[in-house]
Amino acid sequence: MEQKIIAIIGAGEGALPIIKAAKEMGVTVVAYGRNDSLAKDQVDFFVEENKFDIQFMADNCRELHVNGIIPSSELSTEVAARVAHKAGLLGNEVENGFGGKNKFFMRTKVASLTSARQPKFQLYSEGMDILYPVVVKSVDACGKRGVSIAYNEVDLEKAVQQAKENSSDGSALVEEYLKGGQEYSIECLSYGKGMHQVVQYTEKESAGPPHFVEIAHHQPANLSDEMKARIDRAAWDILEALGLNCGMAHLEIKIIDNEIYFIEVGARGGGDHISDILTPLSTGFDYYKAAIECHLGIYQPKEIKNKAYTGIYFHSKQNERLKPLFEEAKTAEWCIKNTVIKEEFDEATGNVGASNSGYIIYCSDHRITI
């Protein structure tokens, strides 16, 4: 087989597992990013590109005979899709709008689906009718940045301001508050139009209102075979509706009273080490290698089975009740990574903040809880 070349849009921390997988595959790596990018010196060819000029990168990919283009983070998902489109390579659809970033656009695109329900939603405008409580979101931020609940007009003013500050276009999305239920993320792969595969089901622990910070993740999720089949159907429908047909997708849902509700999707792997550590540990499946194969057009679907229980707990104030578990993790065989840096539990208002004072990752033959 001739030498394959993969181009990564962005060369920060999110590029590291892609680079590692590509090197193990013998794939040449080109990366576009800032001159101070973390992964700059780990790739075969680095091209400084601060503003992500789509036409320049598309032309450069042709010159370098690149075979596939892959994003490294939420910020580069749409750029990667547009560069791939211009360069004539595989990528997610962009001709009718990119469906993997703007939450309002996502909701409008999946509104007609019957396999998953949605909360009522609308873009914020002054004087609009609102039935409280509502969840206010940035339209395109990730990691729960710009997300909060509003119970009244005073809350709403603060929530809208916070959402707008975290939105690239200064808009805010107002949604019906879906109370109760259980949150999940579905780790997916797409390898062509109409060709999707669920890799793993992740059970998420949320701190709930006001900011819905995610404080733990567990794999595999405790779901019946019947519910998994329904989720698979919903995931397929959502990815198709949004034109996400190449590479990883991190789909977030909520199940309330046996009904599946679509929350959002990212056209990339899940953060919080869901994609790079938890999924490979729980399945034995090389998720990043498979994603590269999708973008190169050579992926062949494989049977994926659960091999272990794994998860992550964040050392945030919202998990202070788990102090005995964090103590046990210091010497436990099940703890495979411990980055806790201090005894105090810091309050987290977003998913990034939840990891500021560290986390523990477990891998065992059963779920680790207190």
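Per our numbering, the sequence shown starts with residue 90, numbered consecutively. C-beta atoms are modelled at their ideal positions from N, C-alpha and C, and glycine is treated no differently.
What is the rounded straight-line gap between the Cα of I401 and the Cα of K112? 27 Å
For N149, the three-state DSSP class (helix, strand or coil): helix
Determine the DSSP secondary structure at C452, reduced to helix, strand or coil. strand
Check R171 in the structure and name its three-state DSSP category. helix
Own chain, CB closer than 6 Å to V263, minus 5 neighbours either side, in chain order: Q211, Y213, V223 and V225
When you compare each of K394, E392 and G359 to Y377 by their alpha carbons, which one comes out closest? G359
Sequence-distant residues of its chain with Cβ nearer than 7 Å to A310 (five each side left out): Y273, Y290, T291 and E292
Assuming C277 contacts A330 under a Cβ cut-off of 8 Å, what Cβ separation, rounded to an integer in Å, is found between them? About 14 Å; that fails the 8 Å criterion.
Round the Cβ separation of K426 and I450 to the nearest angstrom and send it over; I've been treating them as touching at under 8 Å. 4 Å
Please report how far the alpha carbon of Q251 lies from the alpha carbon of L153, in whole angstroms. 42 Å
Compute the beta-carbon to beta-carbon distance between V464 and I108, rounded to the nearest angstrom, for a pair I have assumed lies under 8 Å. No statement about residue 464 is possible, as the shown extent of the chain runs from 90 to 459 and does not include it.
Please identify the residue among Y121, S162, N445 and K129 whose C-alpha is closest to the C-alpha of I143. Y121
Run the CB neighbour count on T399, radius 10 Å, all protein chains shown included, and call it buried at 16 or more, exposed below. buried
In whole angstroms, what separates the C-alpha of K93 from that of I387? 11 Å
Kindly identify the DSSP beta-bridge partner or partners of Y290. I275
Per DSSP, K226 forms a beta bridge with which residues? L262
Inter-residue spacing [alpha-carbon to alpha-carbon] between W325 and E432: 43 Å
Following the continuous beta strand (DSSP E) through E353, name the residue where it begins and the one where it ends. E348 to G355
Compute the distance between the beta-carbons of I523 and V287, then report whether it is under 8 Å. Coverage of the chain is limited to positions 90 through 459, which leaves residue 523 absent and any answer about it impossible.
Measuring straight from C-alpha to C-alpha, what distance separates N149 and M284? 29 Å
Could you give the distance in angstroms between the alpha-carbon of N347 and the alpha-carbon of L312? 11 Å
Are the Cβ atoms of H384 and G332 separated by less than 8 Å? no
Could you round the C-beta distance between I457 and W423 to whole angstroms and report it? I think they count as a contact, below 8 Å. 5 Å
Do three or more CB pairs link the region 190-206 to the region 228-248 at distances below 8 Å? yes
For P299, which residues in the same chain have their Cβ closer than 7 Å to its Cβ, ignoring the five residues on either side in sequence? S237 and I238
H384 (DSSP reduced to helix, strand or coil): helix
Rounded to whole angstroms, how far is the Cβ of G270 from the Cβ of K343, which I believe are closer than 8 Å? 5 Å
Along the chain, where does the alpha helix (DSSP H) containing L414 start, and where does it finish? K412 to A418
Which of helix, strand or coil does DSSP assign to M337? strand
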